[in-house]
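Student: Residue numbers (the numbering used here), protein chains in the order written: chain U, 120 to 315; chain Y, 734 to 1198.
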Amino acid sequence: MEKFQKLRSAAVPLPIEEVDTDQIIPARFLKATTREGFGDNLFRDWRYEPNGAPREGFILNNPIYGGQILVAGRNFGCGSSREHAAWALHDYGFRVVVSSFFADIFRGNALNNGLLPLQVPESFLQDIFSAIESDPKTEFLVDLEAQQFTILATSQSTGFDIDPYKKMCMLNGYDDIDFLLSLRDKIEAFEHSRDW
Amino acid sequence: MGKTLFDKIWDAHVAHQVEGGIDVLYIDRHFIHEVTSPQAFDGLRQRGIPVFRTERTVATADHNVPTRGQHLPIQEELSRFQVDKLTENCEAFGIRLYGLGHPYQGIVHVIGPELGLTQPGMTIVCGDSHTSTHGAFGCIAFGIGTSQVEQVFATQCLLQKKPKRMRITVDGQLQPGVLSKDIILYIISQLSASGGTGHFVEYAGSAIRSLSMEARMTICNMSIEMGARGGLIAPDEKAIEYVRGREFAPEGAAFEEAAAYWKTLYSDEDAHFDQEYFFRAEDIEPMVTYGTNPGMGMGISQSIPEPPATGNSNTFLKSLNYMGLKPGQKLEGQPVNYVFIGSCTNSRIEDLRIAAAFVKGKQKADNVNVMVVPGSKQVEKQAREEGLDQVFREAGFDFREPGCSACLGMNEDKVPNGEYCVSTSNRNFEGRQGPGARTILASPLMAAATAIAGKIVDVREVLDV
Ligand code: SF4
Chain U
120 MEKFQKLRSA
130 AVPLPIEEVD
140 TDQIIPARFL
150 KATTREGFGD
160 NLFRDWRYEP
170 NGAPREGFIL
180 NNPIYGGQIL
190 VAGRNFGCGS
200 SREHAAWALH
210 DYGFRVVVSS
220 FFADIFRGNA
230 LNNGLLPLQV
240 PESFLQDIFS
250 AIESDPKTEF
260 LVDLEAQQFT
270 ILATSQSTGF
280 DIDPYKKMCM
290 LNGYDDIDFL
300 LSLRDKIEAF
310 EHSRDW
Chain Y
734 MGKTLFDKIW
744 DAHVAHQVEG
754 GIDVLYIDRH
764 FIHEVTSPQA
774 FDGLRQRGIP
784 VFRTERTVAT
794 ADHNVPTRGQ
804 HLPIQEELSR
814 FQVDKLTENC
824 EAFGIRLYGL
834 GHPYQGIVHV
844 IGPELGLTQP
854 GMTIVCGDSH
864 TSTHGAFGCI
874 AFGIGTSQVE
884 QVFATQCLLQ
894 KKPKRMRITV
904 DGQLQPGVLS
914 KDIILYIISQ
924 LSASGGTGHF
934 VEYAGSAIRS
944 LSMEARMTIC
954 NMSIEMGARG
964 GLIAPDEKAI
974 EYVRGREFAP
984 EGAAFEEAAA
994 YWKTLYSDED
1004 AHFDQEYFFR
1014 AEDIEPMVTY
1024 GTNPGMGMGI
1034 SQSIPEPPAT
1044 GNSNTFLKSL
1054 NYMGLKPGQK
1064 LEGQPVNYVF
1074 IGSCTNSRIE
1084 DLRIAAAFVK
1094 GKQKADNVNV
1104 MVVPGSKQVE
1114 KQAREEGLDQ
1124 VFREAGFDFR
1134 EPGCSACLGM
1144 NEDKVPNGEY
1154 CVSTSNRNFE
1164 GRQGPGARTI
1174 LASPLMAAAT
1184 AIAGKIVDVR
1194 EVLDV
C-alpha cells in the first residue's frame, strides 16, 4: 500500500447524500479480476450518457474542478461491500474523501487501499462546499499525522478521528495482512485452545 | 453485568488483542464468490502463500451467472472469464466449490444455511454485504471487502474493532398479508438507511420469535440497509431443528453437544445495549419503497412524504425525480411492468411457496414481465417437486435457474431504463437493476399481487382470508 502523510490539493464537490457503492461503481463493471482500471467507470451512470457521451453538468466532467480530494454529502459509500468502489476512487486519482458520515464497510475498504475517509462535522462540510463554490481552485491541507484538515483560504481547521492502528498503517504504507501474518503463532495457539 | 448474545459470540472468537482496542477475530466460516475473490487470490500469489485453513472456506458462483441455460457455456465473455477464474483459483488453492451445474450451487447466503454450513455461534464472513443473512441462526456474520477476503485466506482472522450493540424489539402479532420483509422495511424506514451504522443489531421480541427461519433470514439480510454491520437473532429450538440433519451439520452426540452450547447463546437479562428500539407488529402494513435507498419506504396506504425540513432536501427530491414520483402521491394503483421475485432476501422455498399460493389459478396482467429466480439449485429442485414451477408457468411467470439475477443486474437479467419493477430484493439504488431502472422494494406477496394486477395493490384487499 502507498504511504499517505500530507496532502495539499483542490477538491471536487459532490453535494449529494447517501452516495451508494452502486453509483460509485455500478455492478456491471465488476467483472474485472484485477484491481486496476476501475477509475474509468467511476460514477459511470452519473458521468456518462447511455451512449457513452459525457453528461454535461456532472462534476467530474467540469474542468474547473480538480484535485485529489472528493467532498461528498453524508452517508457516503453505503450499500455493497465491493472494494471496487475504493479502487475506483483511488484509480481515478482521489486520495481523500471528505464527508460528514461514512458507511462502515466503505470506510474500512478505503483505509485498506490508501484512500483516507475523512469525517468532518456537518457544518464544516458545508463550509468546505462554500469555499469551493466561491473559488473552485481553493486548496485544502490534509495532515494525517496531526489529524487536521484545513481550508487554506480561510485557515479554518478541524480535527478528525482515525483509529491509531489504521493511522500507523496509512502513514507507513503497511497493510493488515502483513500484521496478521506476523501473528500466525498466536492464531494457531488460539485454534488449539478451542475445544470445538 | 450480563453479556449480550453478540458479546458472547464475539468474545469467544478473539484470538488476540492488539493494543488500541483492535481484536484479532477468528473466522469460523468464509464464503466466497466470483466477483470479490479474484484479486484476493492474486494477493496470495504475489505473497507466495497458501490459504491457511482451506476447509473453512466454501465457494459458489452466483452474482454473474445466467439464469437460463446454465448447462451451456456462459455467453458473456467477461462473466465467463470471471466464473472460470473462480474455478481455477479454487482448484489451485484447494477450496471446495459449488460452481455452475453443481446441485448445491446458488446464492451464497441461501446455500450456507441450506447446507448446514451456517451454524449458531459461528463467526461468518463473505465478500458481500448481505452476509448479515446468516445472523438469523445466532451468528456474527458480516460483509467484508476484498482485502479482508485475502486476510481471511491468509490467516483465518480479521482485525476488527468491536462494534456497538443495538437491540430492536418487535412485539405483537402481524396483520394478515404482512411478512417479515415488511417488518424489516418498516424498521429501516423508521431508522433511516444509516440509522444502524457502527452497530450490530439483535432482533428480539415475540413477533421475531414467531417467524420461521426463512423469514428471520429476510430480516437479518437487510440489516446492512440501515447501515448496521450485521444483525442476529438468538438461536432457539427452531434454529436448532433447522440445522439438524443438514449436510454439514454435526451428527449424533456431536450435534447434541453443539446444540447444548447453542442454547446458551442469548442476551442475559441485565445485558447492556448501546441503543434500543421498540416496535409493535400491529403497526406494520405491507410496505413499499418510493425512493432510491431502502430507508425511503412507507406503508402501502400512505402517501410519499414531503421533503425533510432539515438536512438535504435536494437529495430527497433528486431521488423522487429519478423514480418519477412526487411528494403526496400514493403508490397504490401505480402501473408496473416488471416484477422480480428472487435475491438472497426472498428466494427461499418459503418465499416461492407464499408467492405460488397467491398466484395459483390466476393469470399475470398482460403488461407485466415476471421473473421468479430461485435462490439455489436445491430450492429450484424443491419448487419443481412441489409443482410450484408449474403454478408460476401457468400464471405466465418466467421461472428460472438460480443466481443473483436482477437483484444487481450483473448478468443479462435487467430492468429497462425508466421502467418500474416491484422487486423482492434488498436495494432500490439508482441503476441497481439496470441503468435507469426504478425499483420498488416489497414482499413476495406484494410482488405476486402486483404481477397479477399489473399495478401496485394493497395485498390485504385481495387476499382471501
Ligand atoms: S442476491 Fe443480490 S444482494 Fe444477495 S448476494 Fe446476490 S447480489 Fe448481493
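Even for Gly, the Cβ is constructed at its ideal location relative to N, Cα and C.
What I want to know is whether the C-beta of residue 231 of chain U ends up closer than 7 Å to one or more non-hydrogen atoms of the ligand SF4.
Tutor: Answer for residue 231 of chain U: no, Cβ out of range of the ligand SF4.
Student: Considering only heavy atoms of the ligand SF4, does any lie closer than 7 Å to the CB of residue 842 of chain Y?
Tutor: For the ligand SF4, at least one heavy atom lies less than 7 Å from the Cβ of residue 842 of chain Y.
Student: Grab me the residues of residue 1055 of chain Y's own chain with a C-beta within less than 6 Å of its C-beta, minus the 5 sequence neighbours each way, in chain order.
Tutor: Taken in chain order, the residues that qualify are 1025, 1163.
Student: Give a yes or no on whether 8 Å exceeds the smallest Cβ distance from residue 303 of chain U to chain Y.
Tutor: Yes - at least one Cβ of chain Y is within 8 Å of the one on residue 303 of chain U.
Student: Would residue 253 of chain U count as contacting chain Y if we go by Cβ distances under 8 Å?
Tutor: Not closer than 8 Å to any Cβ of chain Y, the Cβ of residue 253 of chain U fails to qualify, so no.
Student: Go through its chain and collect everything with a Cβ distance to residue 968 of chain Y's Cβ below 7 Å, but skip five positions before and after it.
Tutor: These residues qualify, in order along the chain: 853, 870, 871, 995, 998.
Student: Does residue 885 of chain Y come out as helix, strand or coil in the three-state DSSP assignment?
Tutor: It is helical.
Student: With a threshold of 8 Å between beta carbons, is residue 803 of chain Y in contact with chain U?
Tutor: Not closer than 8 Å to any Cβ of chain U, the Cβ of residue 803 of chain Y fails to qualify, so no.
Student: When you compare the stretch 1135-1154 of chain Y with the stretch 829-849 of chain Y, are there three or more beta-carbon pairs, one atom per stretch, that lie closer than 8 Å?
Tutor: In short, these stretches touch, since the Cβ pair count reaches three.
Student: Write down every uninterrupted run of the beta strand (DSSP E) in the stretch 1053-1079 of chain Y whose length is 3 residues or greater and which is fully enclosed by it, in chain order.
Tutor: Whole beta strand (DSSP E) segments, 3+ residues: 1071-1074.
Student: Give, in chain order, every unbroken run of the alpha helix (DSSP H) that is at least 4 residues long and sits entirely within the stretch 796-882 of chain Y.
Tutor: Runs found: 810-826, 841-847.
Student: Comparing the CB of residue 1122 of chain Y with every heavy atom of the ligand SF4, is any distance shorter than 7 Å?
Tutor: Not under cutoff, so the answer is no.
Student: Counting only beta-carbon separations shorter than 8 Å, does residue 150 of chain U have a partner in chain Y?
Tutor: Output row for residue 150 of chain U: interface = yes.
Student: Could you give the C-beta distance for residue 191 of chain U and residue 160 of chain U, rounded to a whole number, given that I count them as a contact under 8 Å?
Tutor: Contact doesn't hold; Cβ gap of about 18 Å is too wide.
Student: Using a cut-off of 7 Å between C-beta atoms, extract the partners of residue 284 of chain U located in chain Y.
Tutor: Those within 7 Å of residue 284 of chain U in chain Y are 751, 753, 755.
Student: Taking buried to mean at least 16 other C-beta atoms within 10 Å of its own C-beta, is residue 163 of chain U buried or exposed?
Tutor: Label assigned to residue 163 of chain U: buried.
Student: What residues of chain Y sit near residue 219 of chain U, judged by a beta carbon separation below 7 Å?
Tutor: Within 7 Å Cβ-Cβ: nothing; residue 219 of chain U doesn't reach chain Y, min ~10 Å.
Student: How should residue 1126 of chain Y be labelled, buried or exposed, when 16 other C-beta atoms within 10 angstroms of its C-beta is the threshold for buried?
Tutor: Exposed is the call here.
Student: Considering only residues of the same chain and omitting the five flanking positions on each side of residue 889 of chain Y, which have a CB-CB separation below 7 Å?
Tutor: The answer, listed in chain order, is 759, 760, 785, 786, 789.
Student: State buried or exposed for residue 963 of chain Y, treating a residue as buried only when at least 16 other CB atoms are found within 10 Å of its CB.
Tutor: Buried, because 16 or more other Cβ atoms sit within 10 Å of the Cβ of residue 963 of chain Y.
Student: Taking 7 Å as the line, does the beta carbon of residue 1084 of chain Y fall inside it for any heavy atom of the ligand SF4?
Tutor: Outside the cutoff, so no.
Student: Among residues of its own chain, excluding the 5 on either side of residue 939 of chain Y, which ones have a beta-carbon nearer than 6 Å to its beta-carbon?
Tutor: Here the set comprises 904.
Student: With 16 as the cutoff for other CB atoms within 10 Å, does residue 1050 of chain Y come out buried or exposed?
Tutor: So residue 1050 of chain Y counts as exposed.
Student: Is it a yes or a no for the stretch 1016-1024 of chain Y touching the stretch 1167-1186 of chain Y, going by three-plus beta-carbon pairs under 8 Å?
Tutor: With the cut-off at 8 Å, the stretch 1016-1024 of chain Y and the stretch 1167-1186 of chain Y touch.
Student: Apart from the five residues just before and just after residue 766 of chain Y, which ones in its own chain have a Cβ nearer than 8 Å to its Cβ?
Tutor: Only 792, 793, 794, 795, 796, 819, 841, 859, 860, 861 meet the Cβ criterion.
Student: Is there contact here, the stretch 212-219 of chain U with the stretch 165-175 of chain U, by at least three beta-carbon pairs under 8 Å?
Tutor: No, the stretch 212-219 of chain U does not touch the stretch 165-175 of chain U.
Student: Quick one: list the residues of chain Y neighbouring residue 323 of chain U, beta-carbon separation under 9 Å, in chain order.
Tutor: Because chain U in this structure spans residues 120 to 315, residue 323 of chain U falls outside the shown range and cannot be described.
Student: Using a Cβ cut-off of 8 Å (strictly closer), state whether residue 861 of chain Y contacts chain U.
Tutor: Chain U contact via Cβ: present.
Student: List the DSSP bridge partners of residue 1102 of chain Y.
Tutor: DSSP, once it has assigned bridges, lists Y:1071 as partnering residue 1102 of chain Y.
Student: Counting only runs of 3+ residues fully inside the stretch 200-254 of chain U, write out the beta strand (DSSP E) ranges in chain order.
Tutor: As far as the stretch 200-254 of chain U is concerned, its whole beta strand (DSSP E) runs of at least 3 residues are 215-218, 235-238.
Student: If you check the beta carbons only, do residue 876 of chain Y and residue 863 of chain Y fall under 8 Å apart?
Tutor: Against a cut-off of 8 Å, the Cβ pair of residue 863 of chain Y and residue 876 of chain Y comes out as a contact.
Student: Short check: CB of residue 1081 of chain Y to CB of residue 950 of chain Y, under 8 Å?
Tutor: Yes, they are a contact pair.
Student: Closer than 7 Å, Cβ to any Cβ of chain U: which residues of the stretch 895-907 of chain Y, in chain order?
Tutor: Residues passing the 7 Å Cβ filter: none.
Student: Less than 8 Å between the CB atoms is what I'm expecting for residue 1065 of chain Y and residue 1191 of chain Y, so what's the real figure, rounded?
Tutor: Correct: roughly 6 Å between the Cβ atoms.
Student: Just grab the DSSP bridge partners of residue 197 of chain U for me.
Tutor: For residue 197 of chain U, which the question treats as bridged, DSSP gives the partners U:139.
Student: Anything in the stretch 226-250 of chain U with a Cβ closer than 8 Å to a Cβ of chain Y? List those residues in chain order, please.
Tutor: Hits within the stretch, in order: 227, 228, 231, 232.
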